[in-house]
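To start, the structure under review is shown below, and the notes come after it.
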Amino acid sequence: MPSTKRHKAAAGPERDVLDLGGYVPYFLTAISNTWSRSSSRLYLERFGVGVTEWRVISQLAIEPAIAAQRICEVIGLDKGAVSRSVATLVAAHHVTERPDDRDARRQVLELTPSGYALHDELIALATARERLLLEGFTAEEKAQLTGFLHRLHARLPQLRDFRLEREIPPAS
16 MPSTKRHKAA AGPERDVLDL GGYVPYFLTA ISNTWSRSSS RLYLERFGVG VTEWRVISQL
76 AIEPAIAAQR ICEVIGLDKG AVSRSVATLV AAHHVTERPD DRDARRQVLE LTPSGYALHD
136 ELIALATARE RLLLEGFTAE EKAQLTGFLH RLHARLPQLR DFRLEREIPP AS
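According to this note's numbering, the stretch in the sequence shown is residues 16 to 187, in order.
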């Protein structure tokens with residue numbers, strides 16, 4: 016499906032415009048933004064943490080005793096957002112910080128018992144919402160979708176490094 020279509024503006028020539036029905040970044044953005052905003056609202060109402068804090072908690076449960084920089088690398092979050100979330104979680108006694116044994120300049124983060132308890136409540140809610148999102152998909156379709164998403168995810172380094180080195184001709 017093409018990602019552009021011809022459109023005649025009220026004034027001026029016909030031009031290519033995005034066809035949102037075929038433009039993959041539109042769907043990724045719309046799904047991601049709606050997912051994040053609704054998750055954050057729900058998590059704040061129910062647990063007093065937002066989606067960024069949940070992402071930090073989730074990564075610390077997967078990979079205990081890591082630096083904030085590692086969370087940024089894995090999840091692709093901004094350093095400032097992670098730093099603010101870590102400060103919130105430390106103040107709420109869900110996360111502890113201690114100097115790294117290998118590099119005292121770095122802080123290692125770990126979930127506390129209350130952090131793990133919060134994780135367990137959040138993961139139950141997050142996976143229930145995932146089931147709702149994927150309702151109506153067969154197991155094969157879910158596996159296929161996950162495979163496609165893995166392939167897109169693998170392209171992220173090229174996307175981050177992309178630079179326009181020449182003019183791109185308009186699509187014909």
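Glycine is no exception: its CB is placed at the ideal position from the N, C-alpha and C atoms.
- Counting only the Cα atoms, Ile90 lies some 19 Å from Tyr131.
- Counting the other Cβ atoms within 10 Å of the Cβ of Val101 gives 16 or more, which makes it buried.
- Taking 8 Å as the upper bound for CB-CB distance, Leu75 and Val110 are in contact here, some 7 Å apart.
- With a threshold of 16 other beta carbon atoms within 10 Å, Ala26 falls short and is exposed.
- Burial is judged here by how many other beta carbons sit within 10 angstroms of a residue's own beta carbon; Glu155 has fewer than 16 and is exposed.
- In this structure, Arg70 lies away from Leu43, with their beta-carbon atoms at least 8 Å apart.
- Around the beta-carbon of Val32, fewer than 16 other beta-carbon atoms lie within 10 Å, marking it exposed.
- The alpha helix (DSSP H) runs lying completely inside the segment 48-86 and spanning 4 residues or more are 66-77, given in chain order.
- For Glu136, the enclosing alpha helix (DSSP H) begins and ends at Pro128 to Leu148.
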